[in-house]
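Asker:
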Amino acid sequence: MNSSNASCSTTDDDISVRQPLNVEGAWDDHINETGFISSGLRSNTSHESFSGYDHRKKVLILYTGGTMGMKPGVDGSLSPEKGYLTERIKEMPEMNLHNMPEYEIIEYTPLLDSSCMGPGDWMKMARDVEARYDSFDGFVVIMGTDTMAYASSALSFMLENLSKTVVFTGSQIPFCEVYNDARRNLIVSILFAANSDFPEVCICFNDKLFRANRTVKVNSISLDAYDSPNFPPLATLGARIHENRELVRTRPNLPLRVHKSLDANVVVIKLVPGFQSESIQALVTYSKTIKGIVLELYGTGNGPSTNEGLLSAIRAAREKGVVVVAISQCMRGGVSLDTYSMGREFQNAGVVSGGDMTCEACTTKLAYLFACLDDHHEVARRLSEDLRGEVTTKQIKTNKYFSNPSVPKELLKSPQRR
Ligand code: ASP
């Protein structure tokens, strides 16, 4: 990852504080006995869902770029067009219904393909949420899907004590096409941002609302582009919308605290059989800036512990103060370094377990922690803590393997930690 801010300590300038607006129980009246949301009309029929509010909520839309607002050029390739999506949104009949939230759009300049975005862009998003935090009930970020899981994970760490819903969304097909997923993804995201009881950063895509820092882009062409491999969806959309109420995190009593710097000097290394340790050794020896290495190990955290070069490179990295964290190459489950003796060797060499974190959550969490903390030991320690619901801290094992977590309630409801 590229670093766009090399700061590694927290200054007053890096953090600012906003009082939380009390939106307790925003949707409580609208949940019927079966757990379905009948937002507004207190009805659970499909066509009446999502209409009618006692008072109009306000949602801020940050439009940063991505396929949703792209148009084909002369060669047929898609690129964002200034003003196009913003105008189309304003023309959508749905947006002007009295029972939809009021909204405001901030269109970024330039609009970007998300593959060109990084920490600097995420910081801007965090600042924009902060600047308008008191004036809006919820926030929607429209961006490209390619790096949405990274951006939204980063925001989840940067927005400490978030008591409102921030929903990231995008689409696989541009709004300008007759057949598209843009319109629905946008409308549903706005409704979740205005009304949901999830005080956290989410991704709304296709038929699900996810905890952002648990998501991975799993499909480059399907409309079902996102998944949350180790954590259940917060809500599922069908003819009715089912909110997973037991996943609602405790709304923090503390004011919003925005961490405005990231230090993303992090490299991800995926081991493959036959991997030559010289490349890691060279990286550790010659890089002057690297602060973190995310090692994608096999299975529950295994690798060639007989490869002395690899272990000595890891030890050298730790001696230089580089934090080395292991995550799994497997989509589901996670790392448990004490399962096999090989994993233990990595642990003994100083590798920290990333548990069931996604690569996206792990790298952005490192970037957040490096910006907040000067001490790499402290970064390594905090890395395995659950800060924003991004990691399952209690390993739930069936024999020796991770099971797909049905996470204990007290864990799910744990408040945010700094
Ligand atoms: N390349 C696009 C982007 O990430 C893909 C998308 O929007 O889905 O901006």
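So the number in this note's numbering is just where the residue sits in the sequence shown, counting from 1, plus 2. The beta carbon of each residue, even a glycine, is placed where N, CA and C say it ideally should be.
1) Please determine, among Ile-192, Met-102, Gln-174 and Asp-199, the residue with the shortest C-alpha to C-alpha distance to Val-143.
2) Here's the rule I'm using: 16 or more other beta-carbon atoms within 10 Å means buried, otherwise exposed. How should Leu-99 be labelled?
3) Keeping to the same chain, check which residues put their C-beta closer than 6 Å to that of Asp-30; ignore five residues upstream and five downstream.
4) Assuming Asn-302 and Ser-343 make a contact with CB atoms under 8 Å, what is their CB distance in whole Å?
5) What did DSSP end up calling Lys-367 once you bin it into helix, strand or coil?
6) Thinking C-beta only, is Leu-313 closer than 9 Å to Phe-277?
7) Please check the pair Val-326 and Lys-293, which I expect to be a contact at CB under 8 Å, by giving their CB distance rounded to whole angstroms.
8) Taking the alpha-carbon positions, what's the Thr-149 to Trp-124 distance?
9) If you check the beta carbons only, do Asp-226 and Asp-209 fall under 9 Å apart?
10) Please list the segments of the alpha helix (DSSP H) lying wholly inside the segment 136-179, counting only runs of 4 or more residues, in order along the chain.
11) Taking 9 Å as the threshold (C-beta atoms), are Val-169 and Cys-206 in contact?
12) Quick one: using the 10 Å Cβ neighbour count with 16 as the cut-off for buried, is Arg-334 buried or exposed?
13) Can you check which of these residues, Ala-373, Cys-364 and Gly-120, is closest to Leu-297 by C-alpha distance?
14) Could you give the residue range of the alpha helix (DSSP H) that holds His-378?
15) Would you identify the three-state DSSP class for Pro-82, choosing helix, strand or coil?
16) Between which two residues does the alpha helix (DSSP H) holding Met-72 run?
17) Would you decide whether Val-76 is buried or exposed? Buried here means 16 or more other CB atoms lie within 10 Å of its CB.
18) Return the Cβ separation of Ser-2 and Ala-214 in integer angstroms, given the expectation that the two are a contact with Cβ distance under 8 Å.
19) Would DSSP call Phe-372 helix, strand or coil?
20) Mind checking Ala-319: buried by the 16 CB within 10 Å criterion, or exposed?
21) Inspect the beta-carbon positions of Tyr-152 and Glu-109 and report whether they are closer than 9 Å.
22) Measure the C-alpha to C-alpha separation of Glu-236 and Ser-79 and round it to an integer number of angstroms.
23) Say whether chain B places a C-beta atom closer than 9 Å to the C-beta of Asn-267.
Answerer: Concretely, from the data shown:
1) Ile-192
2) exposed
3) The pLDDT assigned to Asp-30 is 38, lower than 50, so where the model puts this residue is not dependable; a value taken from the coordinates is nonetheless given after this. For Asp-30, where only same-chain residues beyond five positions count, there are no Cβ hits under 6 Å.
4) Note that residue 302 is Thr in the sequence shown here, rather than Asn. Not really, about 12 Å apart at Cβ, beyond 8 Å.
5) helix
6) no
7) Going by Cβ atoms, the distance from Val-326 to Lys-293 rounds to 11 Å, so no, they are not a contact pair.
8) 11 Å
9) yes
10) 150-160
11) yes
12) exposed
13) Cys-364
14) 378-385
15) strand
16) Here Met-72 belongs to no alpha helix (DSSP H); instead the beta strand (DSSP E) covers 72-74.
17) exposed
18) With the chain covering only 3 through 420, there is no way to say anything about residue 2.
19) helix
20) buried
21) no
22) According to the sequence as given, residue 236 is Leu; it is not Glu. The straight-line gap from Cα to Cα measures roughly 35 Å.
23) No chain B appears in this structure, which consists of one protein chain only.
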